[in-house]
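**Q**
Number of protein chains: 2
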Amino acid sequence: MTQGSTGNPAPGGLEEAQRPARGQARTRILDAARALIREKGYSAMTVDDLCARAGVTKGAFFHHFRSKEDLGVAAAQDWAQMTGALFEQAPYHAPEDPLERVLAYIRFRRDLVAGPIPEFTCVVGTMAQEIHGSIPAIRDACRDSIFAHAETLEADIRAAIDKYGIRAPFDAKSLALHTQAVIQGGFILAKAGQDPALAVQSVDHLECYFKLLFADSAGVQPAGVPA
Amino acid sequence: MTQGSTGNPAPGGLEEAQRPARGQARTRILDAARALIREKGYSAMTVDDLCARAGVTKGAFFHHFRSKEDLGVAAAQDWAQMTGALFEQAPYHAPEDPLERVLAYIRFRRDLVAGPIPEFTCVVGTMAQEIHGSIPAIRDACRDSIFAHAETLEADIRAAIDKYGIRAPFDAKSLALHTQAVIQGGFILAKAGQDPALAVQSVDHLECYFKLLFADSAGVQPAGVPA
DNA sequence: TTTTGCATACCAACTGGTTGGTATGTTGTC
DNA sequence: GACAACATACCAACCAGTTGGTATGCAAAA
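Chains G and F, in that order, give the protein sequences.
For the first sequence, counting from 1, position 58 maps to 50 in our numbering; every step adds exactly one.
For the second sequence, counting from 1, position 152 maps to 144 in our numbering; every step adds exactly one.
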């Protein structure tokens, strides 16, 4: 028993002191899910894990979510909303030139990626990789999150192509999706090698790719260091 | 009971007819592991799944592997050996020009990727993504597999840089790892969107990137369709 | 203003089935 | 007959999900 000198330890349950305020359970569970999916993946994360981390009981969990699968879908949607808000208010939209906006986006992502692994890793990418073949509902929610984010980039890329042309026969959609692929792939290398720098490197290559694609036509350095 | 008119159904175990030959259990378990990890990931794959798919009993499983974690490590090492052999005898080593070999490698991978999802997907990439934070032994085995494969590319890339120079300040190692990142990221998009073409597209972008990096100096088309 | 009725938000204990793993047999091979 | 390669039977812990209940808020009736 690691119980302290508290009066009534409520055997098996939560201590009064650490019990969160009413009305926060759903949010706390979703926060816990984000952390746990990044730490151990969807399948290895148990409902008990979730409840312990969130500081709620199983009753609360199944009050807010019909099943673990339902939580998975909600976590993906929650992630889509969170990242949607983050990128919407991010500073990379400022430049007037569309190509500059795209390059600013890539640099913004590189800065995000430079942090510790559990904090920059993509929740929906991790989940999709794991459950794509076994839980269609979660997979589709992850797909929506990834592809919706890619679409927010597409407009800027299209504008850049319209303005400057492009040195290869790719369209904006394909390039936007490739951007996401590179970032997701960087995560995998970073996780396997336990080094965020591996992800950063790939994002640097991505920036270089864009510069080369638009070189000569736009005013960007054709081959400089991605800085 | 769905048992037919067989004489002795061997209650709880395997029927005589489908019992594989002695001495094949380990191989069959590793084959089953490859398939199951791709289908549902490492965590969701149970030892019973493994045994059922391999057509062996739990006794056989724990005779060959001390634990499920041990099997995970073995699966990663088995994957490294399988892919090692596959790429070693692949035709992309033929060209005399190192840059041509690199481009041939990329095209070879694109062709691999064009098949159905459960057949081209990377076992160690999937596993690493999932268990990187929870099972270090498996994560390290996955890392070894990925990085060893990247190293087989590195020599050709280095030779290409030495021969032609490169339009950006990247070294061979970084480029080789980026290659793996793009392919791994393509897998994630393909899984999320349920469309192998998504992975193919990213590999096409990768080929284009290499062509642009070496354009003007080597004899490759600077911006042509990756064909 | 109080009370009644009802919905929401949550909790502790429990359940049936599953899980990784073990203990102990049996069979084929050198 | 010794040893490897299996098979069978079993277990304790754990799993997602359920049950029956309590605390709280809110709106309408009294």
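All C-beta atoms, glycine included, are put in the ideal place defined by N, C-alpha and C.
Please read these numbers as outputs of a predicted model, since none were measured by experiment.
Determine, for G:Cys200, whether the minimum Cβ-Cβ distance to residues of chain F falls below 7 Å.
**A** Locating residue 200 of chain G in the first sequence gives position 208, counting from the first residue. It does: the Cβ of G:Cys200 has a partner Cβ on chain F nearer than 7 Å.
**Q** What are the start and end residues of the alpha helix (DSSP H) that includes F:Ser59?
**A** On the second sequence, position 67 is the one that residue 59 of chain F refers to. From DSSP, F:Ser59 is part of no alpha helix (DSSP H); its letter is neither H nor E.
**Q** Does the distance from the C-beta atom of G:Ala120 to that of F:Ile138 stay below 7 Å?
**A** Position 128 of the first sequence holds residue 120 of chain G. Position 146 of the second sequence holds residue 138 of chain F. Not in contact: G:Ala120 and F:Ile138 (Cβ atoms no closer than 7 Å).
**Q** Using a Cβ-Cβ cut-off of 7 Å (strictly less than) and excluding sequence neighbours within five positions of G:Leu95, which residues of its own chain qualify?
**A** As a first step, residue 95 of chain G must be located in the first sequence, where it is residue number 103. Excluding positions up to five away in sequence, the list reads Glu199 and Phe202.
**Q** Of the residues F:Gln172, F:Val65, F:Val195 and F:Ile109, which one's Cα is nearest the Cα of F:Ala129?
**A** As a first step, residue 129 of chain F must be located in the second sequence, where it is residue number 137. Relative to the Cα of F:Ala129, the nearest Cα in the group F:Gln172, F:Val65, F:Val195 and F:Ile109 belongs to F:Val65.
**Q** Indicate whether G:Ala168 and G:Leu145 have their beta-carbon atoms separated by less than 7 Å.
**A** Against the first sequence, residue 168 of chain G aligns to sequence position 176. Against the first sequence, residue 145 of chain G aligns to sequence position 153. Going by C-beta atoms, G:Ala168 is nearer than 7 Å to G:Leu145.
**Q** Which of helix, strand or coil does DSSP assign to G:Gly76?
**A** If you number the first sequence from 1, residue 76 of chain G lands on position 84. Helix.
**Q** Measuring only the C-alpha atoms, how far is G:Leu17 from G:Asp41?
**A** Residue 17 of chain G sits at position 25 when you count from the first residue of the first sequence. Residue 41 of chain G sits at position 49 when you count from the first residue of the first sequence. Strictly speaking, residue 17 of chain G in this sequence is Ala, with Leu absent from that position. Their backbone Cα atoms lie some 14 Å apart in a straight line.
**Q** Around the Cβ of G:Ala207, are there at least 16 other Cβ atoms within 10 angstroms (buried) or fewer (exposed)?
**A** Residue 207 of chain G sits at position 215 when you count from the first residue of the first sequence. Looking at its Cβ environment, which holds 16 or more other Cβ atoms inside 10 Å, G:Ala207 is buried.
**Q** Counting C-beta neighbours from all protein chains within 10 Å, is the total for F:Lys50 16 or more, i.e. buried, or is it exposed?
**A** Taking the first residue of the second sequence as position 1, residue 50 of chain F is located at position 58. That one is exposed.
**Q** Tell me whether F:Pro161 sits in a helix, a strand or coil according to DSSP, three-state version.
**A** The count along the second sequence starts at 1 and reaches residue 161 of chain F at position 169. If DSSP states are grouped into helix, strand and coil, F:Pro161 belongs with coil.
**Q** Using a Cβ-Cβ distance cut-off of 7 Å, determine whether F:Arg20 contacts chain G.
**A** The residue you call residue 20 of chain F lines up with position 28 of the second sequence. Not one chain G Cβ lies under 7 Å of F:Arg20.
**Q** Is it the case that the Cβ atoms of G:Arg131 and G:His124 are separated by a distance below 7 Å?
**A** Here residue 131 of chain G refers to the residue found at position 139 of the first sequence. Here residue 124 of chain G refers to the residue found at position 132 of the first sequence. Yes, the Cβ-Cβ distance between G:Arg131 and G:His124 is below 7 Å.
**Q** Is it buried or exposed, F:Ser59, if we count other Cβ atoms within 10 angstroms and call 16 or more buried?
**A** Start at 1 with the first residue of the second sequence, and residue 59 of chain F comes out as number 67. Classification for F:Ser59: exposed.
**Q** Note down, in chain order, every chain F residue with its Cβ under 7 Å from the Cβ of G:Val174.
**A** Along the first sequence, read from residue 1 onward, the residue named residue 174 of chain G stands at position 182. Under the 7 Å cutoff, chain F gives Ala173, Val174 and Gly177.
**Q** Do F:Ala36 and F:Ala133 count as a contact pair if the criterion is CB distance below 7 Å?
**A** Position 141 of the second sequence holds residue 133 of chain F. Position 44 of the second sequence holds residue 36 of chain F. Contact: no.
**Q** With DSSP run on the structure shown, which of helix, strand or coil describes G:Ala106?
**A** To locate residue 106 of chain G, count along the first sequence from 1; it is residue 114. In the structure shown, G:Ala106 sits in coil (DSSP, three-state: anything other than H, G, I, E or B).
**Q** Please list the terminal residues of the continuous alpha helix (DSSP H) segment that includes F:Arg45.
**A** Against the second sequence, residue 45 of chain F aligns to sequence position 53. Start and end: Val39 to Ala46.
**Q** Which of the three DSSP states, helix, strand or coil, is assigned to G:Ser137?
**A** For the purposes of this step, residue 137 of chain G is identified with residue 145 of the first sequence, where counting begins at 1. G:Ser137 falls in the helix class under three-state DSSP.
**Q** Just curious, the alpha helix (DSSP H) that G:Arg20 is in, first and last residue?
**A** Numbered from its first residue, the first sequence carries residue 20 of chain G at position 28. First-last of the alpha helix (DSSP H) with G:Arg20: Ala17 to Ala36.
**Q** Run through chain F and tell me which residues come within less than 9 Å of G:Leu63, C-beta to C-beta.
**A** In the first sequence, residue 63 of chain G corresponds to position 71, counting from 1. In chain order: nothing, as chain F lies at least about 15 Å away.
**Q** Would a C-beta distance cut-off of 7 Å place F:Leu28 and F:Asp70 closer than the cut-off?
**A** Reading the second sequence from its first residue, position 36 is the one you call residue 28 of chain F. Reading the second sequence from its first residue, position 78 is the one you call residue 70 of chain F. Cβ atoms of F:Leu28 and F:Asp70: not closer than 7 Å.
**Q** Could you list the residues in the stretch 115 to 144 of chain F with a C-beta less than 8 Å from some C-beta on chain G, going in chain order?
**A** The residues in question are Val116, Gly117, Thr118, Ala120, Gln121, Glu122, Ile123, His124, Gly125, Ser126, Arg131, Cys134, Arg135, Ile138 and Phe139.
**Q** Along the alpha helix (DSSP H) that carries G:Asp196, what are the first and last residues, could you check?
**A** As a position in the first sequence, residue 196 of chain G is number 204, starting the count at 1. That run of the alpha helix (DSSP H) goes Pro188 to Phe206.
**Q** Looking only at its own chain, which residues have a Cβ that is under 6 Å from the Cβ of G:Gly117, when we skip the five neighbours before and after it?
**A** Here residue 117 of chain G refers to the residue found at position 125 of the first sequence. If we look at G:Gly117 and ignore the five residues flanking it on each side, its Cβ neighbours are Gln176.
**Q** With distances taken from CA atoms, which of G:Leu190, G:Gly107 and G:Arg93 is nearest G:Arg150?
**A** Counted from its first residue, the first sequence places residue 150 of chain G at position 158. Nearest option by C-alpha distance: G:Arg93.
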